[in-house]
Structures are given as structure tokens and as C-alpha cells.
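Only one structure is covered here, and it is reproduced in the block below.
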Amino acid sequence: MSFLESVFRAMCQIVVALLLCAHTAWAARHRDASADADTRVAKSAMRAPDMGYWHTDEAQILDSWNRPVRIEGINWYGFETRREVPGGLAVQDYHAILDTVKREGYNTVRLPFSNQMIEDPIVPAVPEDIAFGSPNGAINQDLRGLNSLQIMDRIVAYAGQIGLKVILDDHRSEAGDSAEPSGLWYTARYPESSWIADWVALATRYKDNSAVIGMDLRNEPHNAQINGACWDCGGARDWHLAAERAGDAILKINPRLLIFVEGTDSYRGDSTWWGGNLEGVKASPVSLTVAHQLVYSPHVYGPKVYQQPWFNGKTTSRSLEDVWHRQWAYISEWGIAPVWIGEFGTTNDAGDIENSNPGSEGQWFDSLVVYLSRNQEVGWTVWALNGEDADGLLDASYSFPVNGRKQQMMSSIMSPVPGESQEVAGMEPLR
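In mature numbering (1 follows the signal peptide of the UniProt record, and there is no 0), the protein residues as written are -27 to -1, 1 to 404.
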């Protein structure tokens, strides 16, 4: 080897070493940048306290910071009944009830009401359904003399104060229990024009209160195969067209509200729960004048409510998911729109919660909880808060969960809610 060749080889080795050092430094910086990016993404996904409205993007609901958020709530019924007040006010202060909801990790309350309550609220609310004293002292003092709508105002206001969101649910026309018997969204006394006018009145009433994030247009449309609500059938029974009319009227008042549209009970011969069939969305989706505000909302129950044909000795979690996919889950899976299960639930009996036999209530409930844990974009509100209900979360005193195991299962599908992230502190929301 000549002297020049030796010098050339040495220089090449030096150049290679320098290149290796430069690559190592670049890789280290790239790793640090990637880690920083991951940290930023994690921070942006943290659910900081959000006081704004929510909107949608494909299958996801987003908060006012454009961060993914899921409805993880509970139903609190009573406004829709002849009492026209939510359950529990005869034994517990409404502040304490909502504090318990918040403490147990829920972020949303669905409040059913009737059109009768909106148009002709009881003044004042029935005395025996609201107590103003308890063994622990005075309760519900600020509800004295109020009518039902004014009581709803107080509940909505305090829910917003402690960071809970509210969804208003038109449960039925005349005050009473359960869904409207006819399955339609109107009656002779409360025609469609009244139904829409009542929604406009509520949208106006809460226009400046972002605690109310949306309107569940009608509870459990059904009787599709008889004379009730049907999907894409035309005429006065066509629920999906009525939903467009009501949704657009609401959005004209407040274009930032979410519009929740339930299904019917049957579509082309495939029958399921009242409000639970959304198969018609494939061919005839709801079209609103304001984009990014539509959410579809099935109701889903187990064999204790009704022995559907898919509950049998051969039932598996997979077979249940196949039913859900066919009837409503495809909507979020295909990115058509978000899905929110407005009602589901089971009793507090240990057997109904823990039984894993094929076709049992326990198998269904556990399978749905597992499904929700795997599909974080699907929202839910469990039925119900009310302590007097066989499915109720709270005990008769409305103080604590009556069944710890069921509440643990609910907690297992709740998103963590850390403190406000530094990245968004002090910034203005996007919406």
C-alpha cells in the first residue's frame, strides 16, 4: 500500500466516523421530537374541564377544543310522569343527587320530559313529590313554589356548575310512564306542530347555556309494522323525515346543539327494541341543514325486558355483536356518524349481573360492557339513576350506589378525567 493510499483510507475512515456521529445525533433528536409529539398528542387528548358545546366528526363526538369526548352518563327520569319532577326529590336535595352522579364518574345526565310538562307545567310542583326537610336538615329550599320547568332550570344550572352535561329527551306527549303507546311522536292533543314548537321553546330557553349539549328528539319510536313510527316509509308516519324537520327547527335557534335521533322498532321485517333499529340509515340517513351535529341513538336491552330471538342457548358475545352491527353499530364502525346508546341497563339482582350462561341477562350485560370498553367512540347513558327503580343506580335514599358490582362495571368503561392540561390552559375554545 502506498503512502497516498494510506492517507486516503484514513481520511475515508474519518468521514465515515463523522457521518455516523451525525446520524446518531439526528436519531437522538428525532426520538426526542417524537417523544415530544407523543406528549403533545397525549396532552391534547386529555379531557380538560370543558364549558362549551360539542360537535361531531365522522364517528366521533368532539368537545369545544376539538378533542374526542364520549357521553358517559345516566338517565334521571320523572319530569315526563304525572309528578313532573325527577325522582328522589322527596328524600334528597337535588344538589346532593347531582354531586353523587359527578362523584361516581358520569359526565352527562339525560332528562326525560313530556310535552304536557312543557306546555302546562304544574304550578307549583306536587308537594308530596318534593321535600324541603330531611333528618339531615333543610333540602331543596330553592325549589319552593317553582313549576316543573323552573325546577328543570335549577337542575340544568347546577349540573353545568359542577361540570355535568345535560341531554333533554322528549319522552312522550301526555304526562305518564314509559314511551308513547302509539309509537308516534305526536297525538291528537299534541300534534307535530306542538312537538316542534316545544323543542323550539326549549332551544330558546337554554340557548346561552352550553351545559345543555343536545336534544333527544323522541323517545323510542315504534309500532313500525302497524300504525306507528316507520323509517323511510313516507307520509305522516315517517320518523326520519320528522326528525329532519324538528332537528332543523332546533338548529335554527342554536346551531351548536347536538341532535340525537333514535331508530324505530322494525325495518323491513327485522324487529328489535323500541327505538333500537337504525338499519334504515344506510339507504335514508337523516339530513340536517347544519353539519356535524347529528348523533344516532339506539336503545339496547337484555332478555329480562323481552326474550328476543337472539337470546338462546347458543348466544355468544360474537353473536350479540353481530346483531348490534346489523341494527346500529355499523353507523359508527363505518364512520357515518357517532352512536350514543341512550338507554341500556339491568336490575340490581346479582344473578342478572353475574350470570354468564348463554342467553342470560348477565351474559348480555357483560358483553355490552365489553363492547363499550373496546369501542370508545360509542357513547352511553345507563337506565337509570332513580332509587325506586329495579334498575336504579342509587339506593332508596338517593345517597350511594345500591349495587357496587354494577357501578364497578360502569366505572370500567368511563374515560379518565385528568385536570386541565397545560397546553389548553388560558386558550379560547374553538366553538
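Beta carbons are placed, not taken as given, at the ideal position from N, Cα and C, and that holds for glycine.
key: Sequence-distant residues of its chain with Cβ nearer than 6 angstroms to residue 66 (five each side left out)   = Excluding residues within five positions, the ones whose Cβ falls inside 6 angstroms are 112 and 113.
request  = Quick one: using the 10 Å Cβ neighbour count with 16 as the cut-off for buried, is residue 289 buried or exposed?
outcome  = Taking every protein chain shown into account, the CB of residue 289 has fewer than 16 other CB atoms within 10 angstroms, so this residue is exposed.
message = Applying the 10 Å Cβ sphere with the 16-neighbour rule, what's the burial state of residue 312?
response = The residue in question, residue 312, is buried, as its Cβ has 16 or more Cβ neighbours within 10 Å.
task = Can you tell me which of 162, 23 and 75 puts its alpha carbon nearest to the alpha carbon of residue 46?
result = Checked all of 162, 23 and 75; the closest Cα to residue 46 is 75.
request  = Leaving out five residues on either side along the sequence, give the residues of the same chain with a beta carbon under 7 angstroms from the beta carbon of residue 384.
outcome  = Only 78 meet the Cβ criterion.
key: Through-space distance from residue 97 to residue 293, alpha-carbon basis   = About 47 angstroms.
message = Which residues does DSSP list as the beta-bridge partners of residue 188?
response = Beta-bridge pairing by DSSP links residue 188 to 141 and 232.
message = I believe residue 252 touches residue 300 by the beta-carbon criterion, under 8 angstroms. Please report the beta-carbon distance rounded to the nearest angstrom.
response = Taking a contact as a CB-CB distance under 8 angstroms, the pair residue 252 and residue 300 counts as one, their CB atoms being some 6 angstroms apart.
message = Using the Cβ count rule (16 or more neighbours within 10 Å means buried), how would you classify residue 298?
response = Label assigned to residue 298: exposed.
task = Pull up the DSSP beta-bridge partners for residue 83, would you.
result = Note: residue 83 sits in a beta bridge opposite 48 and 140.
inquiry  = Can you tell me whether residue 262 is helix, strand or coil according to DSSP?
reply    = Three-state DSSP puts residue 262 in coil, outside helix and strand.
ask   = Does the beta-carbon of residue 110 have 16 or more other beta-carbons within 10 angstroms, so that it is buried, or is it exposed?
value = The residue is exposed, with fewer than 16 neighbouring Cβ atoms inside 10 Å.
request  = Go ahead and pull the three-state DSSP assignment for residue 336.
outcome  = Correct three-state label for residue 336: helix.
ask   = DSSP on residue 60, reduced to helix/strand/coil?
value = It is coil, neither helix nor strand.
ask   = Helix, strand or coil: how does DSSP classify residue 313 here?
value = The three-state secondary structure of residue 313, taken from DSSP, is strand.
ask   = Tell me, which residues are paired with residue 240 by DSSP?
value = In the DSSP output, where bridge partners are listed per residue, residue 240 has 243.
Rounded distance between the beta-carbons of residue 324 and residue 61, thought under 8 angstroms = At roughly 26 angstroms, the Cβ-Cβ gap does not stay under 8 angstroms, so residue 61 and residue 324 are not in contact.
ask   = What is the DSSP secondary structure of residue 103, counted as helix, strand or coil?
value = Here residue 103 sits in coil by DSSP.
ask   = To the nearest angstrom, how far is it from the Cα of residue 382 to the Cα of residue 44?
value = Taking the straight line from one Cα to the other gives about 16 angstroms.
Supposed close pair residue 273, residue 249 - CB separation, criterion 8 angstroms = Contact flag correct, Cβ pair sits at about 6 angstroms.
query = For residue 88, which residues of its own chain have a beta-carbon under 8 angstroms away from its beta-carbon, when the five flanking residues on both sides are left out?
reply = Around residue 88: 143, 145, 146, 147, 163, 167, 168 and 171.
key: Short Cβ contact (8 angstroms threshold) for residue 138 with residue 70   = Contact flag unset, no.
Meets three-Cβ-pair contact criterion under 8 angstroms: the segment 330 to 342 and the segment 278 to 286 = Cβ pair count under 8 angstroms is three or more, so yes.
ask   = Using a Cβ-Cβ cut-off of 6 angstroms (strictly less than) and excluding sequence neighbours within five positions of residue 192, which residues of its own chain qualify?
value = The answer, listed in chain order, is 142, 144 and 152.
inquiry  = With distance defined between alpha-carbon atoms, name the residue in 362, 150, 339 and 159 nearest to residue 53.
reply    = Of the candidates 362, 150, 339 and 159, the one whose C-alpha sits nearest the C-alpha of residue 53 is 150.
ask   = Can you tell which of 269, 296 and 278 has the C-alpha that lies nearest to the C-alpha of residue 243?
value = For the residues 269, 296 and 278, the minimum Cα distance to residue 243 belongs to 296.
task = Going by CA-CA distance only, name the one from 212, 81, 211 and 268 that's closest to residue 29.
result = Check the Cα spacing between residue 29 and each of 212, 81, 211 and 268: the tightest is with 268.
key: Through-space distance from residue 73 to residue 133, alpha-carbon basis   = Each residue's alpha carbon lies about 14 angstroms from the other.
message = For residue 63 and residue 120, what's the separation of their Cα atoms in angstroms?
response = Going from the Cα of residue 63 to the Cα of residue 120 covers about 16 angstroms.
inquiry  = Can you tell me whether residue 405 is helix, strand or coil according to DSSP?
reply    = It is not possible to answer for residue 405, since the shown part of the chain is limited to -27 through 404.
key: Unbroken beta strand (DSSP E) run spanning residue 267, endpoints   = Residue 267 -> beta strand (DSSP E) spans 267 to 270.
query = DSSP beta-bridge partners for residue 41?
reply = Answer is 35.
ask   = Mind pulling the beta strand (DSSP E) runs of 3 or more residues that sit fully within the segment 158 to 224?
value = Runs of the beta strand (DSSP E) inside the segment 158 to 224: 185 to 189.
For residue 160, the nearest candidate out of 386, 36, 201 and 354 (CA to CA) = By alpha-carbon distance to residue 160, the top candidate from 386, 36, 201 and 354 is 201.
Exposure label - residue 81; buried when at least 16 CB within 10 Å = With 16 or more Cβ atoms within 10 Å of its Cβ, residue 81 is classed as buried.
query = How is residue 352 classed by DSSP in three states: helix, strand or coil?
reply = Under the three-state reduction of DSSP output, residue 352 falls in the strand class.
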